[in-house]
Amino acid sequence: MAASKTMTMTEAVSLLAPGSRTLALGGNSIHRVPHAFVHRVAQRTDLRLHLVKTAGAYDIDVLCLAGIVEAVSAGFVGYETEFGLARHYRSAVESGRTEAREHACYTVIASLRAAAYGLPFLPVRALYNSDLPRARGFEWLDDPYGGTERFPAIPAIRPDLAVIHVQHADLHGNGVITGPKNEDLLMARAARHVVLTAEEIVDTDALPVPLDHVDIPSVLVDGVVHAPGGARPGSCAGSYDADADAIRAVQALSSAAELRDYLTAQGGPA
Amino acid sequence: MAASKTMTMTEAVSLLAPGSRTLALGGNSIHRVPHAFVHRVAQRTDLRLHLVKTAGAYDIDVLCLAGIVEAVSAGFVGYETEFGLARHYRSAVESGRTEAREHACYTVIASLRAAAYGLPFLPVRALYNSDLPRARGFEWLDDPYGGTERFPAIPAIRPDLAVIHVQHADLHGNGVITGPKNEDLLMARAARHVVLTAEEIVDTDALPVPLDHVDIPSVLVDGVVHAPGGARPGSCAGSYDADADAIRAVQALSSAAELRDYLTAQGGPA
Amino acid sequence: MSTETRDVPREIRIVADAMAVEMARILANSRNAFHGLASPLPAVAIALARSVHNPQLEYLNIAGGVNIAPGSLTVSTCSPAFLAGSESFFSLTDIFDLCARGELDTAFLGGVQVDRRGHINNSVIGPFATPKVKLPGGAGSAAIVPMARHTIVWRTRHDARSIVERCDFVTAAGSVREVVTPLGVLRMEEGELRVAGWFAHASLEEIREHTGFPIRTCDDAGPIAPPGEGELAALDAVDPQGVRYSEF
Amino acid sequence: MSTETRDVPREIRIVADAMAVEMARILANSRNAFHGLASPLPAVAIALARSVHNPQLEYLNIAGGVNIAPGSLTVSTCSPAFLAGSESFFSLTDIFDLCARGELDTAFLGGVQVDRRGHINNSVIGPFATPKVKLPGGAGSAAIVPMARHTIVWRTRHDARSIVERCDFVTAAGSVREVVTPLGVLRMEEGELRVAGWFAHASLEEIREHTGFPIRTCDDAGPIAPPGEGELAALDAVDPQGVRYSEF
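Chains as they are written, first to last, in the numbering used here: chain W, 1 to 270; chain B, 1 to 270; chain Z, 1 to 248; chain S, 1 to 248.
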């Protein structure tokens, strides 16, 4: 029987060595995002993060407020209707502290696919008529078989770490996601290291699907953190809804110092 | 509630209009292959098939014996240890009747990925030092971002039809595969049309996994055929093992006429 | 009208209902329709179309839901609620690939700015590298708009700052056909947006006044038929919580 | 020895056991190992290595199995049996991608022809377009051999027609390190295959005689230690059905 891969949140956060690191966060918008992990990362000051996600919200906003985000590769950064704009992200970008590497969500997927397939780039059938390729410096590929269509070559993004919040995991690192899976299966395949934060750690036999339908295979996983409530204040399908007051409380903060005080007061160790 | 997509095997086989058609067959080697469908196709004489598969055996061998295979795109065509070579395939290729478009299994995957992604080709990090790219006429792509590595551009293969044998399907075309899934999830996404042949058709609620873990989503599926034993004489995980005598009986046949007589005698309508 | 929606001001109800109904009518001939996040009006419009105007319409959403049961829509349109009663599971990645294969029929996308040529901007106001205002980004639009057969843009405001002669930046362009606003519907004709119709609560003059370029009218332009009794009843049935009002 | 294996001729048992044990020993320092279809000897060798030589070895197979339980191996090495007792599910596509990322350590691949340079041919004898003999194809080899850290080729015959100066066609080349045959082990050194060792039942002379080119010996070449008592007991435990004999 393989060894257990359980680790503490502290150990998981320490997988990000100081300096410039590319971090992919699972989930979408405020749903099933590893926010407990994000809160702990936000208390560090020794990181310059490149965040990768199709559509981020609270996660990116918090880390921008913490002042440790060098760049964001995403298709969309903002809350939805109920919570409005990601103002910490916006001010980080508008002040020049953070580079917005704007993508279409599909080209984030192409970036991750390229990394998963061991390629430095992947063509994609998208971005026609858009100013994005020129603004982002994407090159175009000709069809070597004589077709007249051209394709933007999306550069690979290989996350140093992907952190994925799942409802169920076993000790070996098999993760099962209930509800929308977003780009998490792909992130796990693209990243150098993978950590699962899990609502519940259960015996392999007690996972909600047979092993041949597991979403994140243990082969790819470095660590499993038992993190009940680990997606709060966002939602987690089948477990809890979003906590609007807690989201608004963080939206209302206005400095990294305030954020760290707030997070410490919330009970997370510094 | 969406309409039922159940159809008869006769209707499924007729989805292949006469002429040159590209057909992808699910499963691998002799395991979970839609052989009942293959047997019915082998009784037709109005097709020129291009077969697509990473590793085929009885399926490709039977259709080659039937004399209706124009080309085979595959990484491997042969039985394994127990049943030896695919002699009907081999003689079709050696006599020039059938073109062997040899691939690495991974480049079959790249061909299908290209089709699934709407692209005419996909680069792949493979085939270095091999004579295959030149023999197959694969072009090479430079890295437009200045890397020195080059990548073969694998042309897309878009099957006109993919036929996938599953243990469980519902009426709408959601398919669940028990055991190895091989390239079937990708085939379903790459093909223009998809048919499931199913050991059992059950209510959606009775599928062996929750709907958010279905392997073949109904969105992609044109028809569902109730086909208990539909992978015989191959195996079907959880249902039956391979029938060695029946495989050897077909290996021993030596003409299309013998094959059609044999299949008719087996009880399949002509 | 449900308890939840009783407090919504009448003028918002009229505008949101008219927009949802008109967006549903536009779907009458679509084979499939998709919406992403932050899309309450499209979610309601698709549910309404499936109830009234086009029961065969295949409904795909960002959460992976397929033909989800109406009645459980939430303000967050990428929440797990968007799998409730789903007939299958078809992920966002699958939808993008489907679109790249040319098989997505109708997509709903927002546009912070929309210009005369039907181009949309969700990226920046000001220079891309040093934006004056960083907008949230186009999400899927730069991939979907050029490849879908038909894109419907909706906006909950119609003003000269957002419906403009020329976008500061083109996030996406290609298949935009209609732009639905609180005042009416603009439609692409001969390469430019023109007025196709105006709601009963608005007028052609009002649209012209609030549009940032001299806008022409389509030959068949005219007042849009107000929501019928049946449409309004179905609207309340598919959206009892009044999710459609949340964008205002 | 199980009932199933009692009828296997002694000379086959000796050769197959020696090959399986030596292949397992070669895995002593591997992080992970993969085999595809038609690979009974590699399947047994990996199971043996995990039992004796390298318990940490991660075992991946074409069926998607991860560290499957030994004892249920079948002659078809892509059968559903290759998921029995699996710790996870990691598909063939995942394995190819892992290999393309440079993360596959050791792969077992067959070669109908192997040449002096360590190139393998599984494609054709004669011209590619009009083959005299169409071979089954290289399966994953043209993708895996150039990208894996280390490929072990095994053959159940050692003769001058298949271990040749130059292959008719190069299906795959790159990371071949050892070629294990019924006579012993050849190893790549200074760009060519040389004799690394010979089994107790064979000799250096025999290898030279049955090789299709004048083969040199490695500096450390010598007789290969016969399977130990513990190795043989473990071999019977992981392969009670004698799957390893099926290739002969």
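All C-beta atoms, glycine included, are put in the ideal place defined by N, C-alpha and C.
- In the three-state reduction of the DSSP assignment, residue 167/W falls in the strand class.
- Contact between residue 225/B and residue 7/B holds: CB atoms are separated by about 6 Å, below the 8 Å threshold.
- In terms of beta-carbon proximity, residue 101/Z lines the interface with chain B, with at least one pair separated by less than 7 Å.
- When the alpha-carbon of residue 91/Z is set against those of 195/B, 189/B and 231/B, the nearest one is in 189/B.
- Beta-bridge annotation (DSSP): residue 31/B is paired with 28/B and 235/B.
- The beta carbons of residue 118/B and residue 100/Z sit about 3 Å from each other, so the pair counts as a contact at 8 Å.
- Ranked by how close their Cα comes to the Cα of residue 176/S, the residues 228/S, 98/S and 153/S have 153/S in first place.
- Annotated as distal: residue 121/S and residue 199/S, with beta-carbon spacing of 7 Å or more.
- Secondary structure within the region 240 to 266 of chain B: the alpha helix (DSSP H) runs of 4 or more consecutive residues, fully enclosed, are 244 to 251 and 256 to 265 (chain order).
- Looking at 60/Z, 93/Z and 148/Z, the one whose alpha-carbon comes closest to that of residue 182/W is 93/Z.
- Taking C-beta separations shorter than 7 Å and ignoring five residues to either side along the sequence, the partners of residue 131/Z in its chain run 124 and 125, following chain order.
- Contact note: residue 86/S reaches chain W through 211 and 212, using a C-beta cutoff of 9 Å and chain order.
- Here the C-alpha atom of residue 85/W lies approximately 16 Å from the C-alpha atom of residue 246/W.
- Between residue 19/Z and the set 210/Z, 221/Z and 158/Z, the nearest pair of CA atoms involves 158/Z.
- Cβ contact annotation for residue 80/W (same chain, cutoff 7 Å, sequence separation greater than five): 29, in chain order.
- Between residue 117/W and chain S, the shortest Cβ-Cβ separation is below 7 Å.
- A distance of 7 Å or more separates the beta carbons of residue 42/W and residue 24/W.
- Along the region 64 to 78 of chain S, going in chain order, the ones with a CB nearer than 8 Å to a CB of chain B are 64, 75, 76, 77 and 78.
- Taken in chain order, the unbroken stretches of alpha helix (DSSP H) that lie wholly in the region 109 to 193 of chain S and span 4 residues or more are 141 to 144.
- Chain Z has a Cβ within less than 7 Å of the Cβ of residue 128/W.
- Against chain B, a Cβ distance below 7 Å from residue 147/W picks out 120.
- Taking a contact to require three or more Cβ pairs closer than 8 Å, the region 199 to 218 of chain B and the region 45 to 55 of chain S do not qualify as touching.
- By the neighbour-count definition (other C-beta atoms within 10 Å, threshold 16), residue 4/W is an exposed residue.
- Residue 95/Z and residue 82/Z have their C-alpha atoms some 15 Å from each other.
- In the DSSP assignment, residue 218/Z falls within the beta strand (DSSP E) that extends over 217 to 223.
- About 6 Å separates the Cβ atoms of residue 52/W and residue 159/W, confirming a contact at the 8 Å cut-off.
- Among the residues of chain B, none has a CB under 8 Å from the CB of residue 170/W; the nearest is roughly 16 Å distant.
- Nearest to residue 88/B by alpha-carbon distance, out of 60/B, 101/B and 114/B, is 60/B.
- For residue 59/S, the enclosing beta strand (DSSP E) stretches over residues 58 to 61.
- Of all alpha-carbon atoms in 177/W, 241/W, 156/W and 234/W, the one lying nearest the alpha-carbon of residue 200/W is that of 177/W.
- Judged by pairs of C-beta atoms under 8 Å, the region 65 to 72 of chain Z does not touch the region 20 to 30 of chain S, as fewer than three such pairs exist.
- At a cut-off of 7 Å between beta carbons, residue 247/S contacts chain B.
- Only those residues of the region 181 to 214 of chain B whose C-beta falls short of 8 Å from the nearest C-beta of chain W are listed: 181, 208, 209, 210, 212 and 213.
- Under the DSSP definition of a beta bridge, residue 154/B partners with 122/B.
- Contact check for residue 84/S against residue 148/S fails: the beta carbons are separated by 7 Å or more.
- Rounded to whole angstroms, residue 112/W and residue 71/B show a C-alpha spacing of 34 Å.
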